[in-house]
Amino acid sequence: FFSVRVALAAFEAVNLPAAVKTVATWFRGDDRSFALGVMNLAPNIGAVATPLIVPIVAVMFGWRWAFIATGALGAVWLSFWLLLPRSTGKLAPPAREDAPDRNVGAFLKLAADRRTWAVAFGKFLTDFVWVFLLFWGPDLFHKMFGLNTVGLSLPVAMVFLMAGAGSLFAGSLSSWLLGKGRSFNIARKTPMLIAAVLALPVFAVIWAPNVWVAAGLLGLTLAAHQMFSTSIFGLATDVFPSRMVGLVIGMSATFAGFSGLALNEYTGWVLDHGGSYAPMLAICAGAKVIAVIVVHLCVPNIDAARAAHFSAAE
């Protein structure tokens with residue numbers, strides 16, 4: 006089971022950089038912002054459907070069929086994906102001639118680029134929130150309210166429904182701001198700032214009087230995460246040519262994976278030594294505030310960075 010799970014993680018990881026690059030290639034400007042919001046919404050739809058459908062499949066047909074059914078859906082979606090028309094590249098912003106190639110030199114140039122670190126640190130300082138709540142959320146609900154897997158279905162569905170709404174809101178807000186003639190700097194950083202504020206109350210989960218209040222607070226936090234994540238993806242497509250977006254997102258996601266691993270290990274250590282979830286929730290509450298500051302320091306003006314990297318035709 007562990008080996009199969011590792012294989013799933015390795016192949017599933019391709020989806021994120023490929024998805025962001027696809028949006029960067031097919032869309033531009035304010036359309037791209039909304040498309041990124043829809044793209045980031047999709048995993049939340051699956052997360053809502055999973056706790057509602059999978060337990061029923063497992064009870065009716067056995068736990069093995071729960072794995073077979075969800076795995077088969079991936080193959081079905083792949084067939085539709087392969088039928089989609091390939092991009093002509095006309096919608097993609099033109100890359101400068103000095104854009105790095107996809108080789109060792111590309112990694113070195115990107116590693117020395119402040120814009121890369123804006124995306125990487127934005128992911129590193131926020132992705133662990135998603136990993137932590139996804140992995141430890143059911144245990145938190147169980148310890149606080151004594152819920153089993155079936156009892157968790159509706160609260161968990163509510164949490165991810167709110168998360169999906171956050172993703173769509175960020176994409177829509179950025180598109181609206183750009184449509185009103187606002188700068189890319191404002192269109193990206195405004196949702197990030199709102200997300201940082203919305204994530205602050207998550208610490209109050211430990212005092213929640215019932216499961217629905219707790220689910221609402223966790224849902225608000227994951228909505229904030231998806232708002233920030235959508236904006237970070239938008240930042241990457243703003244300041245890098247589409248041919249480099251996949252590499253930047255892949256590097257950033259790898260870097261961010263270590264933060265999720267670290268917080269999961271820290272959580273296990275705290276709980277093993279008789280601690281509570283309070284320290285981890287405090288970290289999740291303040292993470293996006295730090296992330297906003299770091300992103301702003303790395304890229305003070307997204308429009309200036311964008312103009313420096315794309316040709317005048319963009």
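Counting in my numbering, the sequence shown runs from 6 upward without gaps. Idealized CB from N, CA, C, for every residue including glycine.
Considering only their Cβ atoms, is the gap separating residue j from residue i smaller than 9 Å?
i	j	result
Leu268	Phe174	no
Thr131	Ala14	no
Ile237	Leu21	no
Val19	Met44	no
Ala220	Cys289	no
Ala116	Val304	no
Ala168	Leu227	yes
Met149	Val216	yes
Phe133	Ser264	yes
Lys128	Ala201	no
Gly176	Gly239	yes
Met256	Ala63	no
Phe112	Leu252	yes
Ser158	Pro60	yes
Gly207	Leu286	Looking at the sequence provided, one finds Val at residue 207 rather than Gly. Contact: yes.
Leu41	Thr195	no
Tyr271	Ile211	no
Ser179	Phe39	yes
Val297	Pro284	no
Looking at the unbroken alpha helix (DSSP H) that takes in residue i, where does it start and where does it end?
i	result
Gly239	216-244
Gly79	68-88
Ala15	7-17
Ile191	189-204
Val210	Careful: Val210 lies outside any alpha helix (DSSP H) and carries neither H nor E.
Pro22	20-31
Of the choices the options, whose alpha-carbon is the least far from that of residue i?
i	options	result
Leu46	Arg187, Met232, Leu83, Val9	Met232
Ala52	Val297, Ala162, Leu266	Ala162
Asn306	Thr242, Ile211, Arg120, Val275	Arg120
Pro246	Phe263, Arg311, Lys114	Arg311
Ala192	Ala200, Ile199, Leu183	Leu183
Gly171	Met197, Lys128, Gly79, Leu78	Met197
Ala54	Phe165, Leu145, His147	Phe165
Trp141	Gly273, Ala241, Ala213	Gly273
Leu302	Ala313, Thr242, Asn190	Asn190
Val300	Ala229, Ala12, Ala241	Ala241
Asn225	Asp36, Trp31, Trp135, Gly42	Before going further, note that residue 225 is Leu rather than Asn in the sequence given. Taking only the C-alpha atoms, the option nearest Leu225 is Trp135.
Leu139	Trp70, His230, Gly110, Phe72	His230
Ala69	Phe6, Ala24, Lys185	Per the sequence presented here, residue 69 reads as Arg, with Ala not at that position. Looking at the Cα atoms, Phe6 is the closest of the given residues.
Arg248	Ile298, Ala23, Val11	Ala23
Arg37	Gly291, Asp243, Ile50	Asp243
Ile199	Val109, Lys185, Gly291	Gly291
Arg10	Phe72, Ala80, Ile295, Leu87	Phe72
Asp308	Gly186, Ala213, Val218	Gly186
Trp31	Leu89, His278, Ala209	Leu89
Between residue i and chain D, is the shortest Cβ-Cβ distance under 9 Å, so that the two count as touching?
i	result
Val250	Here chain D cannot be found, since the structure has a single protein chain.
Requested in this report: Ignoring anything shorter than 3 residues or poking outside the region 251-289, list the beta strand (DSSP E) runs there in chain order.
Outcome: none
**Report entry** Residue ranges of each beta strand (DSSP E) within the region 152-178, 3 or longer
**Finding:** none
Report task. List in chain order: all unbroken alpha helix (DSSP H) runs of 4+ residues lying wholly within the region 113-147. Result -> 119-129
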